[in-house]
Amino acid sequence: MFTGLVEAVGHIQARTESAQGQRILVKSDLDEWTLGESVAVNGVCLTVSETQKGGFIADVSAETLSRSSLGRLAMGSAVNLERALRVGDRLGGHWVSGHVDAVIQLLSAVHVGDAKRLILELPEELLQYVAPKGSVAIEGVSLTVNEVLDDRFSVMIVPHTRQATTIDRARPGDSLNFEVDVIARYVVNALSQTTLAGGAKGATINRDADLHQALVRAGFVHE
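For the sequence shown, the positions run 23 to 245 when my numbering is used.
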C-alpha cells in the first residue's frame, strides 16, 4: 500500500525481455533497497527482485505491461518512485494500491500562476469512481479532483508537485497511469450489488437509497 507521495524521481537504465514479461533496472538516489520489498514505479506496484548500489531490478509481468505505460517508456525515462507505507507513518496523500485501472490521455495543460491545471480523459467505466474533491493517483501521484465531466476531469498541480515528480513533463497526448480511489471502488461496489442470501448466484439488490445519497453528498460517490 502507498500514499501517492513521491519520494524520488528515478530513471530506467536497462530493460530485458523475460519469459513472463520484462525485467527493468531503475536507478535513483534512494538507497538500502530490500529484496522483496514493494515499490511504486509511476504508480505501478512492483517487487524488488535484485538490489544494486543506487538502484534495483524488478520484474514486470505481461499483464502489467498491457495495463500500464511502463512498457512504452524509453530507456532513460524518468519515473516516480515511492516505497510502501509503513504502519504508523503519516498518510499525507490517500490509499494507493499500485494497481493501475487504465492508461489515460492528458488532454490539455494550462498554467495558473505557478501551478498547472491538467485536464485528462475519463473512461466511461471509471466515471462512477471519480468525484469532485475526491482523490485519484496519476503516475503514482496523489491528486485532488477539481471538476468532473462526462468524459474528462481536471486536477491542479501545485509548484512542489511540479518540481518533485514527473507530472510537469507530461504533454497533451501523453498516456498516463491512472488509479481510482480504492475506497470509492469498494463503496460503489457495495452500493451497487450484493448477493442475496439463499438466492441464486449472482442475484443482486440495491443498497439503501438514503445511504447512497449521503455518500454522494460527502463526495465518495459521483452520479
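Just so it is clear, CB atoms sit at the ideal spot from N, CA and C, and this is done for glycine as well.
**Message:** Are the CB atoms of alanine 106 and serine 60 within a distance shorter than 7 angstroms?
**Reply:** yes
**Asked** What are the boundary residues of the alpha helix (DSSP H) that includes isoleucine 205?
**Response** Here the alpha helix (DSSP H) through isoleucine 205 covers 204-214.
**Item:** 7 angstroms Cβ cutoff met for valine 125 and serine 88
**Value:** no
**Asked** Would you call valine 132 buried or exposed, if buried means 16 or more other Cβ atoms sit within 10 Å of its Cβ?
**Response** That one is exposed.
**Item:** Residues near alanine 62 in its chain [Cβ-Cβ closer than 6 angstroms; skip 5 each side]
**Value:** Phe24, Glu104, Gly120 and Gly162.
**Request:** Taking leucine 165 as the reference, give the member of Asp172, Ala153, Gln35 and Asp173 with the closest Cα.
**Result:** Ala153
**Of the listed residues Ser40, Phe78 and Ile46, nearest to tryptophan 55 (C-alpha basis)** = Phe78
**Request:** Excluding the 5 residues preceding and the 5 following glycine 93 in the sequence, name in chain order all residues of the same chain whose CB lies nearer than 6 angstroms to its CB.
**Result:** Leu87
**Request:** Under 8 angstroms Cβ to Cβ from glutamine 42, same chain only, skipping five residues before and after it: list those, please.
**Result:** Asp81, Ser83 and Ala84
**Asked** In chain order, what residues of the same chain have a beta carbon less than 7 angstroms from the beta carbon of alanine 137, not counting five sequence neighbours either side?
**Response** Met178, Ile179, Val180 and Pro181
**Item:** Unbroken stretches of the beta strand (DSSP E), 3 residues or longer, contained in the segment 28-112
**Value:** 30-39, 43-49, 60-63, 66-74, 77-83 and 100-105
**Alpha-carbon to alpha-carbon, serine 176 and glycine 135** = 16 angstroms
**Asked** Run through DSSP, which three-state label would histidine 182 get?
**Response** helix
**Asked** Within this structure, are the beta carbons of glutamate 201 and glycine 114 separated by less than 7 angstroms?
**Response** No, the Cβ-Cβ distance between glutamate 201 and glycine 114 is not below 7 angstroms.
**Item:** Proximity of histidine 116 and serine 71 at Cβ, strictly below 7 angstroms
**Value:** Cβ distance not < 7 angstroms, so histidine 116 and serine 71 don't count as in contact.
**Asked** What are the partner residues of phenylalanine 200, as DSSP defines its beta bridges?
**Response** Ala124 and Ile160
**Prompt:** Quick one: what does DSSP say alanine 231 is sitting in, helix, strand or coil?
**Reply:** In the structure shown, alanine 231 sits in a helix (DSSP, three-state: H, G or I).
**Asked** Do you know how far the Cα of lysine 75 is from the Cα of threonine 196?
**Response** According to the sequence shown, residue 196 is aspartate rather than threonine. The alpha-carbon atoms of aspartate 196 and lysine 75 are separated by roughly 32 angstroms.
**Alpha-carbon spacing of methionine 97 relative to glutamine 235, whole angstroms** = 48 angstroms
**Prompt:** Comparing alpha-carbon positions, which option in Val243, Ile34, Leu95 and Ser40 lies nearest leucine 149?
**Reply:** Taking only the C-alpha atoms, the option nearest leucine 149 is Val243.
**Asked** How about leucine 52 and alanine 30: are their beta carbons less than 7 angstroms apart?
**Response** yes
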